[in-house]
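Here is the structure we will look at, set down as structure tokens.
Number of protein chains: 2
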Amino acid sequence: MTIVTRLAEREDNQLPARFARSRRSITTSAMMRTEDFDTWFAARGRAHRFTVERVPLRNLMGWSLEPGSGNIGHHSGRFFRVEGLHVTIGAREWQQPIIVQPEVGILGILAKEFDGVLHFLMQAKMEPGNPRLLQLSPTVQATHSNYTGVHQGADVKYLDYFIDPGQGRVLADVLQSEHGSWFLCKSNRNMIVETTDDLPPDDDFCWLTLGQLGTLLHRDHIVNMDARSVLACAPMAPVEAGAVHSDTDLLSWFTTERARHDVRVRRIPLADVRDWVFTDDDIHHVANRYFRVTGVAVHAGNREVTSWMQPLFEPIGVGLCAFLVHRFGRVPHFLVHARAEGGFLDTVELGPTVQCTPENYAHLPEHERPPFLDLVRHAGADRIRYAAAHSEEGGRFLNATSRFLLVEASEAEATAEPPPGFAWVTPGQLNSLSRHGHYLNVQARTLLAVAGLWSGRL
Amino acid sequence: MTIVTRLAEREDNQLPARFARSRRSITTSAMMRTEDFDTWFAARGRAHRFTVERVPLRNLMGWSLEPGSGNIGHHSGRFFRVEGLHVTIGAREWQQPIIVQPEVGILGILAKEFDGVLHFLMQAKMEPGNPRLLQLSPTVQATHSNYTGVHQGADVKYLDYFIDPGQGRVLADVLQSEHGSWFLCKSNRNMIVETTDDLPPDDDFCWLTLGQLGTLLHRDHIVNMDARSVLACAPMAPVEAGAVHSDTDLLSWFTTERARHDVRVRRIPLADVRDWVFTDDDIHHVANRYFRVTGVAVHAGNREVTSWMQPLFEPIGVGLCAFLVHRFGRVPHFLVHARAEGGFLDTVELGPTVQCTPENYAHLPEHERPPFLDLVRHAGADRIRYAAAHSEEGGRFLNATSRFLLVEASEAEATAEPPPGFAWVTPGQLNSLSRHGHYLNVQARTLLAVAGLWSGRL
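Protein chains in written order, with this note's numbering: chain A, 1 to 458; chain B, 459 to 916.
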């Protein structure tokens, strides 16, 4: 950071208007008509050979169970490991396998103005765990191993914009958590960098406006988790007349939630994890709930490394992530839930109103099921403002599909005192919090991206 | 949080002006003339019997070394423990004793307007480790054990304002870290709550303006660490014409610093910590550097519990915490240092330009000493804008004194490219960050409190 004596404005007040202009470009853009997207996307799908086969966990080449601990690791010592975790949250206590990957990856989207409108460079990328293999990912999606060359593969395209600060103008740059139920303290760097360079075109990349991306977010399995997470961090700063709680009260409520939760975790040998069954094929829960640890073999034509095997976490059942939405004084609010998850670095983060796999609760009576689950499941079509199926990071999770919903709350539901741990918050407040890490979990970020790219009246 | 349909303003735009008015009340106030403070304070010192004696670590009643691990704990299992920590930061690696206290305490200051000026209720409180026993503490300074009654002592006065959200108006409420070199992932809740209640007067408490507190901060050992930390979180929002780096660039630089540091810690049995010597009296480093773990016996007349013994960490030597200060385009900036400390929850936090105990580096050649240490130590009086000695939390640390300095940087020093890990940041930017946890370490917060309560031109 070279020192200049001309001062910068602390905030770029033009930026929200520039994002808003890009959000209004829905059907066409200087680079691609929205109706042409499917043709281009299908062509990218045909252009590459990419096959995924299931492989028994015990037969994963390059990976081994460590003698004694039974932890799963790569022979290079890099990438990630599967270990055991003992979690105590208040009176609840359990053990589970967990992914340990203590390194920061980069999820970066390159932005550029064409005809006065910001466009975002998205990559058509296949991941072995994706239910629909090809999805739109950020321009760069690199693990630390990727960008330090542990793969011994090809260079990551456009990476320099995200690791050399002089190459562009940073619009957002924040460490955000990943799934606290599956990852131990994992975070990735979510970045948006603007460039004015003439960039060489590349077949697997396309420039899209926020309006076009917003449209694609209404379809199933097009925009991948990493892209959704980065888009949630875009500084939209929507203008809102006010909020149910002032920002200070919201932060105070969040601090209370963090202080009142006692979350303790202890890493344990994977072999010692109780209530989980180890077979040659997989590791699964005795009641067949939660997830399985399984393996795949991948053959890819356009990747840094063209074939590999790896473990993946495969959730049992389809998840449900929903915000209840209500307008207070004409300002939309979401009902957030301060969730404790064992893998969070700091006790709780804000998640959707409902975030669970309903099947895991099917055996319980209604009063033991998560608050609002039945309300959301039985909401009529007239109350559903948004519904789409998206999957989680296909490099670690196999067919990890959730239905993401925005469900309108009735006046009575909205004005009732919310249960402890829940609060009504505006999208603008969530967007302000997304500038900082440790506030919003990855599921909330998907729904915040939907809200941020929304066209018209939310 | 009851739901109302009248919306709140997201930010209270009156608040910075109200804080500024309190800051301008320097010599007098509705409650106490500044010149009367010393008389009142001395009287409080005489009012209570409070003695501290050194006791060999092995003879601390109520505390024991656990068989096997050698960890030090209280027989109740509460308060805090001393364990061992193995720290790896990049290529550096060491072991040390560390305080483990995984619970959130409350540091709360009650605020109230008198004659239209905000006053803050400060408590004259003795702590066994304070070099000057009596200091000004927040209204409430309560460990989790305090406020859940593990002491079996008297109630904590005014506590309800900080644990019952309906009792007042929250002005600040944030979890902030404590010393990353001495505590493992410790955080406390820093709160300011405004009330309009008529409060019963109490002998050990007095109402002071920010201007009066700012004056007292210029004197040695009057305002304790907890009070300084809370005052740093007061939402001052100083008006600044701009900054060397925009807020987005600052956050991006901070994210880079966090991502580039690899900090790994592992709890180990205290008995296994290498390079430390265990005697009946204490635990100390083989080279007599860093700190000793020692014990004290306390007899107090006005505390929840009237006599107890406890371990304390006693630093070797006097610390030095200094910001280099420079005006860029007439806006004051501090040179912050992104510091990795083994006990931080998340890799790095922003600290002063220089933060160390110079004696620990006396045996090293200049180029191996911390950047700017010699510059700060040899700065002439004409460059020193602020200098005072303050001590750290006297409930855990014995005679932990540091000199806190603001030292003017020359034009040449300020416009040179700062070394990696350093950046010029305005007090306003630091104040914005102090609304959130994990950004500012406790030493930086002391100097931010000094800046926030500064009268006149910084």
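Beta carbons: idealized from backbone N, C-alpha and C, even for Gly.
- Across the stretch 245-267 of chain A, CB contacts with chain B closer than 9 Å involve H245, S246, D247, T248, D249, L250, L251, S252, W253, F254, T255, T256, R258, A259, R260, D262 and R264, in sequence order along the chain.
- For B:F477, no CB of chain A lies under 8 Å from its own CB, so it is not counted at the interface with that chain.
- In this structure, the CA atom of B:T706 is about 41 Å from the CA atom of B:P589.
- Below the 9 Å Cβ cutoff, chain B contributes R468 as neighbours of A:Q429, in chain order.
- For A:A387, the enclosing beta strand (DSSP E) stretches over residues I384 to S391.
- In this structure B:T597 is in contact with B:L579, their Cβ atoms being roughly 4 Å apart against a cut-off of 8 Å.
- The beta-bridge partner set that DSSP reports for B:P623 is empty.
- Per DSSP, the beta-bridge partners of A:K125 are A:Q135.
- Taking C-alpha positions only, A:W182 is separated from A:E341 by approximately 9 Å.
- Along the stretch 687-704 of chain B, the positions whose C-beta sits under 9 Å from a C-beta of chain A are P693, E698, A699, G700, A701, V702, H703 and S704, read in chain order.
- Contact annotation: A:P56 and A:G295 have beta-carbon atoms nearer than 8 Å.
- Taking the Cβ atoms as the reference, A:H221 lies roughly 6 Å from A:S391, within the contact range of under 8 Å.
- Taking a C-beta cut-off of 8 Å against chain B, the contacting residues of the stretch 149-180 of chain A are P165, V170, L171, A172, D173, V174 and L175, listed in chain order.
- Distances from the CA of B:T654 to each of B:G624, B:L888 and B:R491 were compared; the closest alpha carbon is that of B:G624.
- Ranked by Cα distance from B:T485, the options B:G672, B:L822, B:S687 and B:G777 are led by B:G672.
- Secondary structure in the stretch 707-784 of chain B: the beta strand (DSSP E) runs of 3 residues or longer, each lying completely within the stretch, are 721-726, 734-736, 741-743, 749-758 and 765-773 in chain order.
- Annotation note: the stretch 13-62 of chain A contains the following uninterrupted beta strand (DSSP E) runs of length 3 or greater, listed N- to C-terminal: 50-55.
- Where A:V82 is concerned, the enclosing beta strand (DSSP E) starts and stops at R81 to I89.
- Less than 8 Å separates the beta-carbon of A:L133 from that of A:F50.
- Boundaries of the beta strand (DSSP E) harbouring A:H333: V331 to A340, taken from the DSSP string.
- Contact of B:D804 with chain A by beta-carbon distance below 7 Å involves L345.
- Minimum Cα-Cα distance from A:H333 among the listed residues A:S64, A:G452 and A:D38 corresponds to A:G452.
- From the listed residues B:L576, B:E511 and B:G566, the smallest Cα separation to B:A475 is found for B:L576.
- B:L565 and B:M649 have their C-alpha atoms some 6 Å from each other.
- Per DSSP, reduced to three states, the secondary structure at B:D631 is strand.
- Straight through space, the alpha carbons of A:S187 and A:S145 are spaced by roughly 14 Å.
- Nearest to A:E9 by C-alpha distance, out of B:A902, B:G700 and B:H894, is B:G700.
- Under DSSP, no beta-bridge partner is assigned to A:H221.
- The three-state reading of DSSP puts A:E194 in strand, counting E and B together.
- Between the stretch 722-732 of chain B and the stretch 534-543 of chain B there are three or more inter-stretch CB-CB distances shorter than 8 Å, so the stretches are counted as touching.
- A Cβ of chain A is located within less than 8 Å of the beta carbon of B:R893.
- Within the same chain, L576, H577, F578, L579, L629, I650, V651, E652 and T653 come within 8 Å of B:A569 by CB-CB distance, once the 5 residues on both sides are set aside.
- Scanning the stretch 397-426 of chain A from its first residue to its last, the whole beta strand (DSSP E) runs of 3-plus residues come out as 401-408 and 422-425.
- The C-alpha of B:S487 is placed about 23 Å away from the C-alpha of B:D684.
- If you check each beta-carbon in the stretch 556-587 of chain B against every beta-carbon of chain A, the ones closer than 9 Å belong to P560, E561, V562 and I564.
- Straight-line spacing of the CA atoms in A:H75 and A:E178 works out to 25 Å.
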